[in-house]
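J.:
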Amino acid sequence: LVVVPTVINTWNFERANDEAWKVIFAGGSALNAVELGCTACELDQCDGTVGYGGSPDENGETTLDAMIMDGATMNIGAVAAMREIKSAISVARHVLDNTQHSLIVGERATEFAERMGFKRETLTTNVSRSMWTKWKADNCQPNFWMNVRPDAEATCGPYSPLPKPDQFYPEIDGASGSSIEFDSQNHDTIGLLAVDMEGNIAAGTSTNGARFKIPGRVGDSPIPGSGAYAENGIGAAAATGNGDVMMRFAPSFLAVELLRQGKTAFEAANEAILRILKFYPRFEGAVIVTSFYGDYSAACAGMKRFPFIVHQVGFNRTLHHVECQP
Ligand code: SD4
Numbered sequence: 049l050v051v052v053p054t055v056i057n058t059w060n061f062e063r064a065n066d067e068a069w070k071v072i073f074a075g076g077s078a079l080n081a082v083e084l085g086c087t088a089c090e091l092d093q094c095d096g097t098v099g100y101g102g103s104p105d106e107n108g109e110t111t112l113d114a115m116i117m118d119g120a121t122m123n124i125g126a127v128a129a130m131r132e133i134k135s136a137i138s139v140a141r142h143v144l145d146n147t148q149h150s151l152i153v154g155e156r157a158t159e160f161a162e163r164m165g166f167k168r169e170t171l172t173t174n175v176s177r178s179m180w181t182k183w184k185a186d187n188c189q190p191n192f193w194m195n196v197r198p199d200a201e202a203t204c205g206p207y208s209p210l211p212k213p214d215q216f217y218p219e220i221d222g223a224s225g226s227s228i229e230f231d232s233q234n235h236d237t238i239g240l241l242a243v244d245m246e247g248n249i250a251a252g253t254s255t256n257g258a259r260f261k262i263p264g265r266v267g268d269s270p271i272p273g274s275g276a277y278a279e280n281g282i283g284a285a286a287a288t289g290n291g292d293v294m295m296r297f298a299p300s301f302l303a304v305e306l307l308r309q310g311k312t313a314f315e316a317a318n319e320a321i322l323r324i325l326k327f328y329p330r331f332e333g334a335v336i337v338t339s340f341y342g343d344y345s346a347a348c349a350g351m352k353r354f355p356f357i358v359h360q361v362g363f364n365r366t367l368h369h370v371e372c373q374p
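Be aware that the sequence shown starts at 49, since it is given in UniProt numbering, and climbs by one per residue.
#1: What's the call for residue 219, buried or exposed, on a 16-neighbour Cβ count within 10 Å?
#2: Cβ of residue 368 within 8 Å of Cβ of residue 65?
#3: When you compare each of 349, 169 and 118 to residue 323 by their alpha carbons, which one comes out closest?
#4: Quick check on residue 365: buried or exposed, where buried means 16 or more other Cβ atoms within 10 Å of its Cβ?
#5: What is the DSSP secondary structure of residue 365, counted as helix, strand or coil?
#6: Based on the DSSP output, what are the partners of residue 123 in its beta bridges?
#7: Output the distance between the C-alpha atoms of residue 186 and residue 263, rounded to the nearest integer angstrom.
#8: DSSP three-state label for residue 358, please.
#9: In chain order, what are the residue ranges of uninterrupted beta strand (DSSP E) at least 3 long that sit wholly in the region 233-288?
#10: In this structure, how does DSSP classify residue 378 when only helix, strand and coil are distinguished?
#11: Under 7 Å: does the beta carbon of residue 60 sit that close to some heavy atom of ligand 1?
#12: When the Cα atoms are used, what is the spatial distance from residue 149 to residue 58?
#13: Could you check where the alpha helix (DSSP H) with residue 60 kicks off and where it finishes?
#14: Within 7 Å: the Cβ of residue 186 and any heavy atom of ligand 1?
#15: Report yes if the C-beta distance between residue 331 and residue 370 is below 8 Å; otherwise report no.
#16: Just the C-alpha distance for residue 202 and residue 105, rounded to the nearest angstrom, thanks.
#17: Tell me which same chain residues have a C-beta within less than 7 Å of the C-beta of residue 188, skipping the five on either side of it?
#18: Can you name, in chain order, every residue of its own chain whose Cβ lies under 7 Å from the Cβ of residue 166, other than the five neighbours on each side?
#19: Would residue 125 be called buried (16 or more neighbouring beta carbons within 10 Å of its own) or exposed?
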């Protein structure tokens, strides 16, 4: 089996694919391709769900999750719930290249980024502020102090106990007991996989997470094996969708593991999704999978069709759609 240089990413994020492909086509590394591809989406605020100005949390703040994995060394760099830094995937790359750690979170991730030379700036925009204002008026309770101090704000929580998992569909009931939102119509996380000319494989993700999450909530995207996974000589996978559910199943690890066992990318992707559907039949999400030799596929659930983009050596960039599991 020969190496087939490939870039594959979730959703119809074309510029991300093109930026990554430029790196691969020029003989660059899979890691650089993943970083530059995800960066394009962060700058473009792909569908409002990647980068700054999207998915405000209960306090109205946008925070970012991102991960990059090097399949040559099985090294990972990730940041989660990172505040006030726009370039999440590049900070993750600095965790990978410059530290012995794998995951740095929250305000401390911001401090790490600043030490690495990144600029601290607000991730709030007029769009994210008005999205939040509307949501808060409908979903958060009047504060006790509002009787006393007219300027006091409504507050979300305290959170009530959740039903048992078999009766509980987080995409409907809300992981916080209020109304966290995933919206497959509005698209999701960028997950991007790259196989370079030397056969090195890398995977990455970048997202602003779930709308109206409890501050501090981290999704699947920066979790190794969950949001993405890669191993040289085998392949890579990445996930998008309801990360609170997906991280319970490590679908990206599972898909790569199935490739190792000789399954096709199609079989691996579908098995990873079916494993989740067994417990969460109304789950919304998708995985993309590629082997190092150019066998790629995707599988999805909770929506009608899932788009993904592939560019392989010798072909043009192509937008694919896969029909989701019923
Ligand atoms: C998450 N999987 O944080 C990510 C983002 C996403 O719809 O796909 N949101 O759960």
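From the three backbone atoms N, C-alpha and C, an ideal C-beta is built for every residue, glycine too. Just so it is clear, the structure is predicted and the values come from calculations on it, not from any experiment.
T.: The structure says:
#1: Translated into positions along the sequence shown, residue 219 becomes position 171. Residue confidence is low: residue 219 scores 47 on pLDDT, short of 50, so the model does not pin down where it sits. No coordinate-derived value is stated.
#2: Position 320 of the sequence shown, counting from 1, holds the residue named residue 368. Position 17 of the sequence shown, counting from 1, holds the residue named residue 65. No, Cβ-Cβ distance for residue 368 and residue 65 is not below 8 Å.
#3: The sequence position of residue 323 within the sequence shown is 275, counting from 1. Ranking the options by Cα distance to residue 323, first place goes to 349.
#4: Residue 365 sits at position 317 when you count from the first residue of the sequence shown. Taking all protein chains shown into account, residue 365 has fewer than 16 neighbouring C-beta atoms within 10 Å of its C-beta and is therefore exposed.
#5: To locate residue 365, count along the sequence shown from 1; it is residue 317. In this structure, residue 365 counts as coil in the three-state DSSP scheme.
#6: For the purposes of this step, residue 123 is taken as the residue at position 75 of the sequence shown. Beta bridge pairing from DSSP links residue 123 with 118.
#7: The sequence position of residue 186 within the sequence shown is 138, counting from 1. The sequence position of residue 263 within the sequence shown is 215, counting from 1. Rounded to whole angstroms, residue 186 to residue 263 spans 18 Å at the Cα level.
#8: Working through the sequence shown from its first residue, we reach residue 358 at position 310. In this structure, residue 358 counts as strand in the three-state DSSP scheme.
#9: Counting only runs of 3 or more, we get 238-243, 249-255 and 276-279.
#10: This structure cannot settle anything about residue 378, because the visible part of the chain is limited to 49 through 374.
#11: The count along the sequence shown starts at 1 and reaches residue 60 at position 12. Flag unset: Cβ of residue 60 not near ligand 1.
#12: Counting from one through the sequence shown, the residue named residue 149 turns up at place 101. Counting from one through the sequence shown, the residue named residue 58 turns up at place 10. One C-alpha to the other measures close to 27 Å.
#13: Translated into positions along the sequence shown, residue 60 becomes position 12. Neither: residue 60 is in no alpha helix (DSSP H) and is coded neither H nor E.
#14: Sequence index remark: in the sequence shown, residue 186 carries index 138 (1-based). It does not: the Cβ of residue 186 is nowhere closer than 7 Å to a heavy atom of ligand 1.
#15: If you number the sequence shown from 1, residue 331 lands on position 283. If you number the sequence shown from 1, residue 370 lands on position 322. Cβ distance not < 8 Å, so residue 331 and residue 370 don't count as in contact.
#16: Counted from its first residue, the sequence shown places residue 202 at position 154. Counted from its first residue, the sequence shown places residue 105 at position 57. Rounded to whole angstroms, residue 202 to residue 105 spans 14 Å at the Cα level.
#17: Locating residue 188 in the sequence shown gives position 140, where the first residue counts as 1. 202, 203 and 204, listed in sequence order.
#18: Numbered from 1 along the sequence shown, position 118 holds the residue referred to as residue 166. Counting only residues of its own chain and dropping the five nearest sequence neighbours on each side, residue 166 has a CB closer than 7 Å to the CB of 133, 135 and 139.
#19: Here residue 125 is taken as the residue at index 77 of the sequence shown, counted from 1. So residue 125 counts as buried.
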